[in-house]
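For the sequence shown, full-length UniProt numbering assigns the number 1 to the initial residue and increments by one for each residue that follows. One structure below.
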Amino acid sequence: MRTRGVEAVARRKSRGERTGMIYPIALEAVQRLDALFEIERGSNGTATEERLAVRQDLSAPLMAPGSPPSSRSSRAATIWPRR
């Protein structure tokens with residue numbers, strides 16, 4: 001009996017369907033980390049002082065409790081566009 005359930009989950013996974021619940025706190029953490037990495041990618045190759053200023057201006061507020069990740073990441077994308 002249990003094998004059928006495992007096989008069903010494997011089939012859904014192979015088709016790209018969601019197989020479990022996405023927890024909001026985990027999703028928020030991943031979005032914040034993604035925004036931090038985007039900021040870091042954008043500041044690669046710049047002077048140390050400039051990177052520090054960008055981190056203080058953009059990265060620090062992302063880590064403040066209760067800050068919404070979506071508004072911060074879109075702001076970072078306008079300042080540091082992808083190359």
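Idealized CB from N, CA, C, for every residue including glycine. Bear in mind the structure is a predicted one, so any value in this text is a computation, not a measurement.
Exercise. Are there 16 or more other CB atoms within 10 angstroms of the CB of Pro-27, so buried, or fewer, so exposed?
Worked result: In the sequence under discussion, the amino acid at residue 27 is Leu, which differs from the Pro named in the question. By the 10 Å Cβ count, Leu-27 comes out exposed.
Problem set entry | Minimum C-alpha distance to Leu-58 - residue among Ala-47, Arg-32 and Gly-45 | Measuring from the Cα of Leu-58, the nearest candidate turns out to be Arg-32.
Exercise. Are there 16 or more other CB atoms within 10 angstroms of the CB of Arg-72, so buried, or fewer, so exposed?
Worked result: Residue confidence for Arg-72 is low, a pLDDT of 46 falling below 50, so the modelled location carries little weight and cannot support an answer.
For this session: Kindly give me the distance between the Cβ atoms of Leu-62 and Leu-36, rounded to whole angstroms, as I take these residues to be in contact under 8 Å.
Result: Confirmed, Cβ separation roughly 6 Å.
Exercise. For Ala-60, which option in Gly-45, Glu-49 and Ile-39 has the closest C-alpha, if you only look at C-alpha atoms?
Worked result: When each option's Cα is compared against that of Ala-60, the closest is Ile-39.
Problem set entry | Span of the alpha helix (DSSP H), counted from its first residue to its last, around Ser-59 | Element bounds for Ser-59: n/a, residue is neither H nor E.
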